[in-house]
Structures are given as structure tokens and as C-alpha cells.
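Undergrad:
There are 2 protein chains.
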Amino acid sequence: MDLRETIIAARVAARHLAALTGAERSKLLEDFAAALLRPATQEAIVAANAADMANARLAEERGELDPALTKRLGLDAAKLAAVADGLRQLGAMPELVGRVTTHRQLDDGLILRRVTCPLGVLGVVFEARPDALVQIAGLAWKSGNAAVLKGGREARASNRALTDVAHQVLRAHGLDERALVLLEDRSDVDALLAMDDLVDMMVARGSSQFIHHVRAHTRIPVMAHADGICHLYLHGAADPAMAAHIAIDAKCSYPAACNAIETLLWDPAAGAALDACVAALGARGVELRGCAETRRRHPAMKPATGADWDTEYGALTLSIRQRDNLAGALAHIAAHGSRHTEAIVTEDPVAAERFLAEVDAACVFHNASTRFADGYRFGLGAEVGISTDKLHARGPVGVEGLLTYRWLLAGSGQGATDYGPSGRQYLHRDVI
Amino acid sequence: MDLRETIIAARVAARHLAALTGAERSKLLEDFAAALLRPATQEAIVAANAADMANARLAEERGELDPALTKRLGLDAAKLAAVADGLRQLGAMPELVGRVTTHRQLDDGLILRRVTCPLGVLGVVFEARPDALVQIAGLAWKSGNAAVLKGGREARASNRALTDVAHQVLRAHGLDERALVLLEDRSDVDALLAMDDLVDMMVARGSSQFIHHVRAHTRIPVMAHADGICHLYLHGAADPAMAAHIAIDAKCSYPAACNAIETLLWDPAAGAALDACVAALGARGVELRGCAETRRRHPAMKPATGADWDTEYGALTLSIRQRDNLAGALAHIAAHGSRHTEAIVTEDPVAAERFLAEVDAACVFHNASTRFADGYRFGLGAEVGISTDKLHARGPVGVEGLLTYRWLLAGSGQGATDYGPSGRQYLHRDVI
């Protein structure tokens, strides 16, 4: 295919997607869910996934692939049912396209409205997780955007099978199937990055190195998180059992996740909470690396070096550092955090409030695991990614982050020079 | 000064600005307004401005400066009063920092809130208009942000005098005056552009060439409009008198403004409206350049070339092109518009609706001049700039565009693994 022509067609298709009514959009998502569960399609998808899995296991045996990746690659009937259910939930959520967020009477017969609308064409590069393809397509359709997707190559057959189903659904709704484009070559991604006149936003998921590559090679706005260096801070008034429960969840439930913790900070008065965490984490096989103060209390622990405070292990490794007080913990987080997700454990409401007020990150939590930083858990239906940028959407990005707005003004012949000291006066009266 | 140290101090000052209550913030703006009107300060500002004006007039005489610039440079008692009034209005507007925009119960004792907060440190480069300095400072303070400003060098003395007043007000409120930093050298701007670890957003106002320079030399997100190629479309059902009134306002009231029109499009059925516009614009001394069809009706008109459709004249020049129908006009706007502001004149509500629905621009108007695309006219209090980007703020950017948000989660010890098919279920119940 000629990629540029395809993306131009995607732009046209995006306009048709944008013009759907809320009911039509919901039906599109429901039909996608139903199509995924039809026995024949299900069989085709599972077969394609089996082929991807067989290749992945061979690569794993050759030591070329992380076993964790193979696990995430799997797409059986149960996972497919969950993904279809997610699409239905998304379809049932309120319509967010065409919402009037400002409605202001500038004057009699001069009405200003700010109305949400899709961005247009999204480019999304994501890891080898075929369920992500369905979620991203669902979010794109719910927000009225065309999407150009590139998944990890290990999921190639699965992604093709899923895209075939999506295309059938689009065609059945009288839409151009190029509203969803699947790329398979890395070179196509590079070509896409150059099309800043056609692509409105890139969502990049993957390694820090990959995110930096994308940002450096495009003029398209990029939504991404390059790093996920998250902290759990044990305040002096931390409950030890709670601290251990949260630490285990935040470190061990999915160590490769961006919202897993990399460093545990503790107050000198939080010794008991630290001990509880060290015992629980040690029992789970987590490699712990401590600062001098931490090792004074736990002499068997490996020493941490300066580099540990800036390392995203993505594995069962955790650095531990004592800070003198809350201010010290805040300073450490400001210096080493990646503005993703930071959490405090404390029974002291004043300390919690200060932590929540002062940490500059997308997500700031009190007495809860950093792993809650997730679009589904936040009730956004799903997420296209997590942003550590401050502009536009921040944190887990759902449908809202895929929308922009336009200012629509309906007048009756006015010019701006009709207004002023010796002319008409603005009313600026908000209708909603 | 050591610029990097100053910007680090600005970051610290920003945290204090952010922590002000709404009432304190309003008082800060009121006090700035009052300080500007105090006789001694007023005198100092007007004297500084007189020095700038004298230099500008000399430069004008040497042919080095556009007389329009000298006009905008002026800051007399009346203009100062208007600017102070703007600050008071901004102070009286509802507090937008700390607004809870999502409040969702994820579960009993697990409460998610999305809360607005300042971006942190803004860099703003703007033209030689000293009133803009006050407006930008006002918007920065209202949004709780520190601001690093660089105004046009012709306004150097005026900007210094105004910044002195702002610094006195900050100090009187116990705030570090480095919450507002005034840069005077272009080289400082270049140094600032490299501080992507300290500056959260750059607002760039100026020539298209300058905007491109800024975007190419920084990793800081840039809010700007590089071009303002706006169209007025005379639909077949346009009222001729209204068309002429809007065309004159949109072209002649401030030709250098980004929201002035550069091209007039007309439907074959809008001949009378075109004639009315041509007569009115001609009487105002606007140079008109027409396509072949336009010149068939107005043979004395200069011919337009292809380059005219992509030119922002910023002067009393206007290109005119006939398009076969609404679809043709939409296609011309999609191909040549800069996604800033587009307007249609028509008495036909169906045509108006289609135009408003299909034009992809920050502002889309019906029977109103493109010159209404302005933060003050929109009722935003003021504007820091106009954005033609789709992400974050779009169109005129007021206080809201200088804010981001954080996700705050208050739990009671939960981990994400406590939830799932065999565990607890999410409630996802919206409190507001």
C-alpha cells in the first residue's frame, strides 16, 4: 500500500467516524464486541494467537524473548471475553463527542459555544499485547478518531486477525475500513512520524529508549511516559501491616509495569513499617538495595549506589532510602521521580494532605498502591496510555484525552468594531 | 544574573503562588491594579513609555520601524486604566486552581479526585506591547504560575517599569519577586529554551518565522499560532449588507492581527454580496486580488496567483476566490487555512450548520467577524495567546489553558490485587 494515500483515506474516514451519533457509535462498539465472540471469528483469532505463541516460545527457548512477554501475548477465549466486555462498557459510557463545555451569550444574537470534537487521526505504537489492539480501537472509535496502529511484531498474526474483525465491523456500518490501519513494519512507523500534516497525535508505548526515539523524530505531538520511577514513602505514622500490603502490591504484582515502585523511602520513625516491608518483600524474592541508614537496620541488605535512585528496574528489585522527614522525601521525589505516580503511607492526615498537595506528578496517592494508576481502575473504561506530560491529558488517558474542542460562534452580522466604549457592550452571560 | 539559578528560584516561587487561596490570589491581582494607578507609579510608567516612544519615533523616521508598532507601543493613562481594570476583572473571576473536576468513589474508602493545578513555570515571548506584559502577568498569577517574560525590545523601558511595580506587589504579599522574571536579551530566551527540566510551557507570540525558530530549538511544549490565514466565505444565501459589514471589520479593523481575514471566498450565487464587499473594501483602500471568475465580474481587479491563497498579508490586501459551492469552499479552507478562525456569511441555517460542523479550526463562526477570536471578547478575561494546535488549549488561551491537573487517590490500605474476579469489585460511582 502507499502509506500516505492510506493515511489520507484515514483522515476522510475519521470525518465520518466523527459525524456518527452517540447511538451509532455505541452500536459500533457493541457490534465489535459481538463479532469478536462469534464462534468462527473467535476460532480464527485463537488460532492466529496460537501461531504467535508458538513462535514466541521458540524465541524464548533461544533466549531471545522474555518469558513475561510470551505470557502477555496470550489471547484465549477468557481474555477475549474480557476484552469484548470492555468494548461493551465503553459503548455504554456517556457520549463525549459534541459535548458543549461552554455556552456563553457574548451579546444578544451572538452566542459562543465550546464543543468537544475528535482529534482526527491517532498513531499508536504499542507492545506485543493483542488485547491492547482491541482496547485502543475501542477508545479511538468512542472518541470518533481514526487510528493507525503498530503493535509488537511478536503479535503480528493475532493483530491481523483482530484487525480483520474490526474491518468487517466498520464495513458493516458503511464506514471505510481505513478508519483503522494496521502497520506491520517499523519503517512504516518512521514514515508515519514524518506525516505531521496528516496525523494529529502519536501515542507511544514501549521502552524509554523508544519513546525518546519517537519524540526526537517527529513534529507530531507525542503522548507518552518515557519512564516510570514511582516511589512509596513510609511516613513516621505509617501502619506497618498496611505498608507491607501496599509495598507487595506496588512492587510484586507486575514489576514490569510503569506504575510499579522502584524506590521505597522511609522516615526514621517508620522503622517498624520498614521492617514489615523488608520481611514481606524478601519473602517474595525481591532484591533489596539499601542506603547506609537502611543497612544499619538491615545489615544483610545489598548497598544501593547513587544510580539506583534513577533506575527503573522493571523487575523484582527495589531500592530503599531513609530520608530525615517529609520534606526530605518530597525533595527526593522531586529530584528522582518521573512525575508518574507517587504514594505515601501514613495515618497522619496532615502529612497526607501535604504530600498530596506538594508532589508534582500525574498521580499522587495516600494509603493506596501506585498500581491503581490505570485507566480501567480509574473508571475511564480503558486507557490508550499514561502521560507524564503536563499539557493536554495527564496520567491514564481514556476517551477524554483523545478529544479536543472548537469554539463555535453564531452571530447575526456583528463585527468586533461594533463593541467598545462608544458602542455595544459585551454581556458575557453563561448559559450553562 | 545567573539565569538557571533565577529560573530555579522561579520554580520555588511558583509553588508558593500555587498554594495561595483564591481570596489571596484575587487580592494580589487587585493590589497590582491599584499599584499601577498610584500617581507616582503611573508617572514612572508613563515616563518610561515616553522614552520608548521617543526611540521608536526616531527608528520610524529612519524607516527601521513600522508606524503600527509605535502605535501599539504607546501606554498612556487611559490605556493603563484599562489594563488595571482588566486585572480587577481577572481577580473577580471564579478561582480555577484546585477545582475538583472528577470525584469518583472507586470503592468504599478509595476516593479518586482529579484536581486542577498550575503548570509551574511559563516562558512567554511577546511583541512590543507593554500592556501585554500586565495581562500576561495577571493570567499567570490567576493560574498560580511563575512567568518568565521577554517582550519586544522597543518596549524595554516600559516593561522594566511595569515589572518593578509587579515585583513590589509580589514582595508586599511575602512572595519572591522571581515569580515574575523579565528577560531583556534574546540570548536569554535561547538559554531558557534549553531548560526543559525547569520550564513547563513556552508561549510564543510573534512572526511565523520566530514561532518556527522556537519550536525547532526546544523540547518544552510550545503554545502558539504560527500563521493566521483566516477566510470569510460568502455563501449563496449571504446578505450583502451583512457580508460587507463583516468583511470590513474582519479585514480593516486591525490588518496585522492573526484573526484578520486574508482571503474572501464566494459562491456563484453570492454575486451581490461579493459586489457589496468589493465596493466597501475598495473604498477603504484595500488592495484586492481576484481569481479569474472574480475578475470576470470585476475586471479592474488585480489577478491573484496561487501563492496568494497561502499568504498572510498582515496588511490591507485581500485575495478573493470563487468556489463552485459549499464543498468547494470547505476544500479550499482545508487546503489553505491555518486552523485558526474561519467564518461563513449565510441566511441558510443548513449551510451554516454544515460549515460549523466540518471546518477543522480552533474557531468557526457564522455571521460574525473572525476578529471575535480573542480571549477578552470570548469572556476569558484576557488571553496569553491563541493556539492553533489541537492538544491542550485551542483558540484563545486564558487561565484554563495555563492549568493542568493531578489525580489524587485517598485509600485505606488497598492494593490493586485486592480487586478482580475473585476479589473486591470496583464501584466507579461518581460523587460529582
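Sequence lines, in order, name chains F and A.
Taken in order, the first sequence gives residues 3 to 434; the numbers are from this note's numbering.
Taken in order, the second sequence gives residues 3 to 434; the numbers are from this note's numbering.
Heads up, the beta-carbon is just placed ideally off N, CA and C, and yes, glycines get one too.
Here the structure is a predicted model, which means the values were calculated and not measured.
#1: Just to confirm the assignment: which complete beta strand (DSSP E) runs, minimum length 3, are found wholly within the stretch 322-352 of chain A?
#2: Could you work out which residue in A84/A, A50/A, Q137/A, L121/A is closest to K392/F when comparing CA atoms only?
#3: Which whole runs of the alpha helix (DSSP H) in the stretch 193-236 of chain A are 4 residues long or more, in chain order?
#4: If you count every other CB in all the chains shown that lies within 10 Å of the CB of H219/F, and 16 or more means buried, which is it?
#5: Give me the residue from Q137/F, A157/F, V136/F, G339/F with the minimum Cα distance to E129/F.
#6: To the nearest angstrom, how far is it from the Cα of L328/F to the Cα of A262/F?
#7: Please report how far the alpha carbon of L185/F lies from the alpha carbon of L177/F, in whole angstroms.
#8: Between which residues of its own chain and A359/F is the CB-CB distance below 7 angstroms, once the five residues before and five after are set aside?
#9: Do the stretch 362-369 of chain F and the stretch 326-343 of chain F make contact, defined as three or more Cβ pairs closer than 8 angstroms?
#10: Checking contacts by CB at 8 angstroms: is M244/F closer than that to chain A?
#11: Would a C-beta distance cut-off of 8 angstroms place G413/A and H368/F closer than the cut-off?
#12: Taking G238/A as the query, report the chain F residues whose CB atoms sit under 7 angstroms from its CB, ordered along the chain.
#13: Report the residues of the stretch 390-412 of chain A with a CB closer than 8 angstroms to any CB of chain F, ordered along the chain.
#14: Helix, strand or coil for L393/F, going by three-state DSSP, please let me know.
#15: In three-state terms, what does DSSP make of T307/F?
#16: Quick check on L266/A - is its C-beta less than 8 angstroms from some C-beta in chain F?
#17: Please state the DSSP three-state secondary structure of P120/F.
#18: Compare the C-alpha of A249/F against each of A21/F, G387/F, L283/F, P398/F and name the closest.
#19: With a threshold of 16 other CB atoms inside 10 Å of the CB of R207/A, please say whether the residue is buried or exposed.
#20: Could you tell me if V352/A is buried or exposed, where buried requires 16 or more neighbouring beta carbons within 10 angstroms of its beta carbon?
#21: Got a sec? Which residues, its chain only, sit under 8 angstroms from A16/F by beta carbon, not counting five neighbours each side?
#22: What are the boundary residues of the alpha helix (DSSP H) that F374/A is part of?
#23: Specify the secondary structure class of P132/A as computed by DSSP and reduced to three states.
#24: So, with DSSP's three-state summary, where would you put P398/A?
#25: Could you tell me whether the Cβ atoms of S389/F and V399/F are closer together than 8 angstroms?
#26: With 16 other CB atoms within 10 Å as the buried threshold, where does R155/F fall?
#27: Can you tell me whether DSSP reads I434/F as helix, strand or coil?
#28: Under 8 angstroms Cβ-Cβ, which residues of chain F neighbour C279/A?
#29: Could you list which residues in chain F have their beta carbon closer than 7 angstroms to that of T419/A, in chain order?
#30: Suppose contacts are defined by Cβ-Cβ distances below 8 angstroms. Is K152/F in contact with V201/F by that definition?
#31: V366/F versus chain A: which residues are under 9 angstroms apart at the beta carbon?
#32: Return the first residue and the last residue of the alpha helix (DSSP H) that A317/F is part of.
#33: Once you ignore the five residues that flank D33/A on each side, which residues in its own chain have a CB closer than 6 angstroms to its CB?
#34: Can you pull the chain F neighbours of D202/A, defined as C-beta to C-beta under 7 angstroms?
#35: Just the C-alpha distance for D326/A and R297/A, rounded to the nearest angstrom, thanks.
#36: DSSP state of E156/F, grouped into three classes?
TA: Reading it off the structure:
#1: 343-347
#2: Here the question's residue 392/F lines up with position 390 in the first sequence. Of the candidates A84/A, A50/A, Q137/A, L121/A, the one whose C-alpha sits nearest the C-alpha of K392/F is L121/A.
#3: 210-218
#4: Indexing the first sequence from 1 puts residue 219/F at position 217. It counts as exposed.
#5: As a position in the first sequence, residue 129/F is number 127, starting the count at 1. Of the listed residues, the one whose Cα sits closest to E129/F is A157/F.
#6: Position 326 of the first sequence holds residue 328/F. Position 260 of the first sequence holds residue 262/F. Approximately 21 angstroms, taken between the alpha carbons.
#7: Along the first sequence, read from residue 1 onward, the residue named residue 185/F stands at position 183. Along the first sequence, read from residue 1 onward, the residue named residue 177/F stands at position 175. Cα-Cα distance, rounded: 19 angstroms.
#8: One-based indexing of the first sequence puts residue 359/F at position 357. The answer is none, since no qualifying residue turns up.
#9: yes
#10: Mapped onto the first sequence, residue 244/F falls at position 242. So, interface residue.
#11: Taking the first residue of the second sequence as position 1, residue 413/A is located at position 411. Taking the first residue of the first sequence as position 1, residue 368/F is located at position 366. Contact: yes.
#12: Within the second sequence, residue 238/A is the residue found at index 236, counting from 1. Here the premise fails: no neighbours, minimum Cβ distance about 17 angstroms.
#13: D391, K392, L393, H394, R396, G397, P398, T406, Y407, R408, W409, L410, L411, A412
#14: Along the first sequence, one-based indexing puts residue 393/F at 391. Residue state, collapsed to three classes: coil.
#15: Along the first sequence, one-based indexing puts residue 307/F at 305. Here T307/F sits in coil by DSSP.
#16: As a first step, residue 266/A must be located in the second sequence, where it is residue number 264. Judged by the 8 angstroms Cβ criterion, L266/A is not in contact with chain F.
#17: Within the first sequence, the letter at position 118 stands for residue 120/F. P120/F: strand per DSSP, three-state reduction.
#18: Here residue 249/F refers to the residue found at position 247 of the first sequence. The residue with the shortest Cα to Cα distance from A249/F is L283/F.
#19: Along the second sequence, read from residue 1 onward, the residue named residue 207/A stands at position 205. Result: buried.
#20: For the purposes of this step, residue 352/A is identified with residue 350 of the second sequence, where counting begins at 1. By the neighbour-count rule (16 or more Cβ atoms within 10 Å), V352/A is not buried but exposed.
#21: On the first sequence, residue 16/F is found 14 positions in, with the first residue counted as 1. Within the same chain, A16/F has close Cβ partners P120, G122, V123, G146, N147, A148, A181.
#22: Stepping through the second sequence from its first residue, residue 374/A is reached at position 372. Element bounds for F374/A: n/a, residue is neither H nor E.
#23: Here residue 132/A refers to the residue found at position 130 when the second sequence is read from its first residue. Reduced to three states, the DSSP call for P132/A is helix.
#24: Looking up residue 398/A in the second sequence gives position 396. Strand.
#25: By 1-based counting over the first sequence, the position of residue 389/F is 387. By 1-based counting over the first sequence, the position of residue 399/F is 397. Yes, the Cβ-Cβ distance between S389/F and V399/F is below 8 angstroms.
#26: The residue given as residue 155/F occupies position 153 in the first sequence. R155/F comes out exposed.
#27: For the purposes of this step, residue 434/F is taken as residue 432 along the first sequence, with counting starting at 1. Residue state, collapsed to three classes: coil.
#28: Locating residue 279/A in the second sequence gives position 277, where the first residue counts as 1. Those do not exist, as C279/A stays about 13 angstroms from chain F at its closest Cβ, beyond 8 angstroms.
#29: Translated into positions along the second sequence, residue 419/A becomes position 417. The contacting residues are D251, S255.
#30: As a working note, residue 152/F is residue 150 in the first sequence. As a working note, residue 201/F is residue 199 in the first sequence. Result no, Cβ atoms of K152/F and V201/F do not sit closer than 8 angstroms.
#31: Within the first sequence, residue 366/F is the residue found at index 364, counting from 1. R408, W409, L410, L411, listed in chain order.
#32: The count along the first sequence starts at 1 and reaches residue 317/F at position 315. It is not in any alpha helix (DSSP H) - A317/F carries neither H nor E in the DSSP assignment.
#33: Position 31 of the second sequence, counted from the start, is the residue given in the question as residue 33/A. Around D33/A: V171.
#34: Walking along the second sequence from the start, residue 202/A turns up at place 200. The answer, in chain order, is K392.
#35: Working through the second sequence from its first residue, we reach residue 326/A at position 324. Working through the second sequence from its first residue, we reach residue 297/A at position 295. Distance between the alpha carbons of D326/A and R297/A is about 15 angstroms.
#36: Reading the first sequence from its first residue, position 154 is the one you call residue 156/F. Helix at E156/F.
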